[in-house]
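Visitor: The structure is given below, and queries will be raised subsequently.
Residue numbers (the working numbering): 44 to 166.
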């Protein structure tokens with residue numbers, strides 16, 4: 044195994060502390076507020092009818108949307124390109140995880156950078 048080339052003070056902590064977790068929660072909340080404020084009126088209405096949150100990790104920012112019913116799921120699916128465009132402003136590596144209503148299918152995830160490849164799915 045290779046020894047790190049950085050001094051110990053410059054390495055990330057080996058364990059995440061409670062304070063680290065609290066700061067990550069605050070970061071997620073603030074990003075969520077800015078994301079929502081940056082959305083157009085239609086996207087705001089759609090998101091207001093769902094449960095949603097932003098989660099960050101070391102690899103990506105993830106917008107998780109949980110739809111209450113099939114109709115709202117369909118509307119959100121159709122709005123994915125606009126949602127992705129908005130989310131991409133916060134991170135080009137961001138992802139959207141869309142969760143259908145309970146017991147009506149499995150969640151799926153797509154990177155905002157992939158939306159143009161699948162645009163025909165959303166129209």
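Think of the CB as a built atom: it goes at the ideal place given N, C-alpha and C, for glycine as much as any other residue. Please read all numbers here as calculations on a predicted model, not as lab measurements.
Can you tell me whether residue 61 is buried or exposed? The criterion is at least 16 other CB atoms within 10 Å of its CB, across all chains shown.
Guide: Counted from its first residue, the chain shown places residue 61 at position 18. That one is exposed.
Visitor: Report yes if the CB atom of residue 90 is closer than 8 Å to the CB atom of residue 79, and no otherwise.
Guide: By 1-based counting over the chain shown, the position of residue 90 is 47. By 1-based counting over the chain shown, the position of residue 79 is 36. Contact flag set, yes.
Visitor: Kindly list the residues whose CB is nearer than 8 Å to the CB of residue 74, restricted to its own chain and excluding five residues on each side of it in sequence; keep chain order.
Guide: Walking along the chain shown from the start, residue 74 turns up at place 31. Excluding sequence neighbours, residue 74 sits near 97, 99, 104, 133.
Visitor: Assuming contact is defined by CB atoms lying nearer than 8 Å, are residue 128 and residue 137 in contact in what I supplied?
Guide: In the chain shown, the residue the question calls residue 128 occupies position 85. In the chain shown, the residue the question calls residue 137 occupies position 94. Not a contact, by the Cβ cut-off of 8 Å.
Visitor: Just reading off the alpha helix (DSSP H) that residue 104 is part of, what are its end residues?
Guide: Here residue 104 refers to the residue found at position 61 of the chain shown. Premise fails: residue 104 lies in the beta strand (DSSP E), 104-109, not in any alpha helix (DSSP H).
Visitor: Name, in chain order, the residues that DSSP records as bridge partners for residue 94.
Guide: Indexing the chain shown from 1 puts residue 94 at position 51. DSSP output for residue 94 lists 109 as bridge partner(s).
Visitor: Decide if residue 139 is buried, meaning its Cβ has at least 16 other Cβ atoms within 10 Å, or exposed.
Guide: For the purposes of this step, residue 139 is identified with residue 96 of the chain shown, where counting begins at 1. It is buried - the Cβ of residue 139 has at least 16 other Cβ atoms within 10 Å.
Visitor: Does the Cβ of residue 149 have 16 or more other Cβ atoms within 10 Å, making it buried, or fewer, making it exposed?
Guide: Sequence index remark: in the chain shown, residue 149 carries index 106 (1-based). Exposed, because fewer than 16 other Cβ atoms sit within 10 Å of the Cβ of residue 149.
Visitor: Helix, strand or coil: how does DSSP classify residue 141 here?
Guide: Along the chain shown, one-based indexing puts residue 141 at 98. DSSP places residue 141 in strand when its eight states are reduced to three.
Visitor: With a 10 Å radius around its C-beta and 16 neighbouring C-beta atoms as the bar for buried, classify residue 143 as buried or exposed.
Guide: Against the chain shown, residue 143 aligns to sequence position 100. It counts as buried.
Visitor: With DSSP as the reference, label residue 136 as helix, strand or coil.
Guide: Numbered from 1 along the chain shown, position 93 holds the residue referred to as residue 136. Correct three-state label for residue 136: coil.
Visitor: Secondary structure at residue 60, three-state DSSP: helix, strand or coil?
Guide: Position 17 of the chain shown, counting from 1, holds the residue named residue 60. Of the three classes helix, strand and coil, the one that applies to residue 60 here is coil, per DSSP.
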